Each structure stands twice: as structure tokens, then as C-alpha cells.
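Trainee: Just so we're aligned, residue 18 is where the sequence shown starts under the working numbering, counting upward by one. C-beta atoms are modelled at their ideal positions from N, C-alpha and C, and glycine is treated no differently. Note that the coordinates shown come from a computational prediction; the quantities given were computed from them, not determined experimentally. Before I ask anything, let me first share the structure, which is written out below as C-alpha cells.
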Amino acid sequence: MARLSVEGTEVVVRLSLRERLALRRRQDIRVPVAAVREVTVESSWWRALRGTPGRGLWRPGRCVGIRRSPEGEDFVSVRADGSVLCLDLSGDVAFRRLAVTVPHPERTARTLRSRPPGDPPAHDAVREAQGPAGQAPHRPPLQHEGGTADDHGRAPGAPSRTGTGSQPKADDERVRRANEGG
């Protein structure tokens with residue numbers, strides 16, 4: 018998943034290895050903060066896409082690549098499971114829009130809107146809004162990460178919604194009927 022951050026006077030989209038391979042691109046995407054014309058959050062990932070697909074990976078629910086439209090080229094890295102942060106750009110930049118699925122798009126958009134163009138941050142406010150390393154800060158560490166949560170993020174002993182513990186607790190009347198066979 019691509020990660021978005023502000024470093025100095027640039028907005029940087031860091032690409033994963035798979036995204037780099039799909040795009041045949043070695044470097045991260047960098048645009049000046051001053052080129053950001055509008056910041057919006059699109060709740061439907063499909064609406065963030067415009068134009069026709071170009072170079073990249075286009076599967077249902079996961080789109081990474083460059084799309085061509087009459088306005089110019091757009092860079093997209095979107096997933097169907099989240100909202101999309103859209104940065105409309107102007108000026109002499111490679112893309113007209115960056116559309117990226119990030120963990121907390123509303124918070125990231127507020128952070129980007131509150132920054133005056135060219136104002137370097139005292140610390141990386143956008144990365145802080147997204148959580149450490151682009152991860153959602155509320156997820157407990159899983160067992161293979163040294164934590165105690167299971168693969169679904171549940172603490173030890175927490176009942177499953179579909180498996181063990183999904184039935185209502187046994188009361189005396191239900192136990193009596195079950196033992197009587199009726």
C-alpha cells in the first residue's frame with residue numbers, strides 16, 4: 018500500500034515494491050506542496066478514478082498505476098476497502114491528480130489543508146496523523162509481531178463472532194430443556 022507524507026515542501030507518495038514493479042518506476046512520487054490545488058476525500062474508491070487505464074495493475078478492488086484523461090495523467094493507488102485521499106494538482110508537475118488510499122484520509126486531508134504552501138513542518142504531521150509507518154494506530158500487535166492478539170486482532174479469550182462463543186450464554190431453563198430432550 019502506498020504511503021503519503023509531507024517532507025519539507027514536498028508531498029511524497031512512497032510506493033511498495035509491488036507497486037514499483039507494476040509501474041516500472043524506481044523512485045517515489047514527489048510533488049511540491051505549492052502545487053496542491055485541492056484536497057478531497059472520496060468515500061467510493063471507484064469515483065476517484067478518471068480517464069482510461071494506462072501503465073499499472075488494474076484488478077477489481079485494487080488499482081495501482083497511471084490513468085490518462087483529457088486533463089493529463091493521474092496517479093492512483095486505491096483499494097476498495099477504504100476511502101481515497103485525492104490531491105488535485107496544478108502547475109508544472111508530472112500528474113494532475115494523486116489518488117491514494119491512506120489509513121486516515123479525513124485526518125490527513127485536514128493536515129494538508131491547514132498547511133500554507135511552502136511552510137515546512139516542525140515535524141512530519143501527515144505521517145503522525147496516519148500512525149507509525151502508515152499503519153492504523155489502533156491495531157494491537159499480532160502474535161507473529163510479538164503481541165498477544167490472534168490473527169483477527171482479538172485479545173486472548175475474546176469470543177469470536179462466528180465460532181466459539183457466538184451462541185447466547187446457557188441459562189437454567191435452556192439447560193433443563195436440553196437435558197429433558199425437548
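Measuring straight from C-alpha to C-alpha, what distance separates S107 and L115?
Mentor: 11 Å
Trainee: For E24, which option in R194, T69, A51, G198 has the closest C-alpha, if you only look at C-alpha atoms?
Mentor: A51
Trainee: According to DSSP, simplified to helix, strand and coil, what is A126?
Mentor: Three-state DSSP puts A126 in a helix.
Trainee: Please classify G82 as buried or exposed, where buried requires at least 16 neighbouring CB atoms within 10 angstroms.
Mentor: buried
Trainee: Say whether chain B places a C-beta atom closer than 9 Å to the C-beta of R84.
Mentor: Among the protein chains of the structure shown there is no chain B, as only one such chain exists.
Trainee: If contacts are defined as beta-carbon pairs under 8 Å, then R76 and E90 qualify, I think. What distance do you get, rounded to the angstrom?
Mentor: Your pair R76 and E90 does not check out as a contact, with CB atoms roughly 20 Å apart and the cut at 8 Å.
Trainee: Taking just the CA atoms, how far does R42 sit from L34?
Mentor: 10 Å
Trainee: For R85 and L38, I'd like the C-alpha separation in whole angstroms.
Mentor: The alpha-carbon atoms of R85 and L38 are separated by roughly 19 Å.
Trainee: Based on DSSP bridge pairs, tell me the residues matched to G73.
Mentor: G82
Trainee: Tell me which residue opens and which closes the beta strand (DSSP E) that R113 is part of.
Mentor: Under the DSSP assignment, R113 falls outside any beta strand (DSSP E); it carries neither an H nor an E label.
Trainee: Kindly indicate the opening and closing residues of the beta strand (DSSP E) around R47.
Mentor: 46-49
Trainee: Spatial neighbours of G99 within its chain, please: C-beta separation below 6 Å, excluding the five flanking residues on both sides.
Mentor: T118
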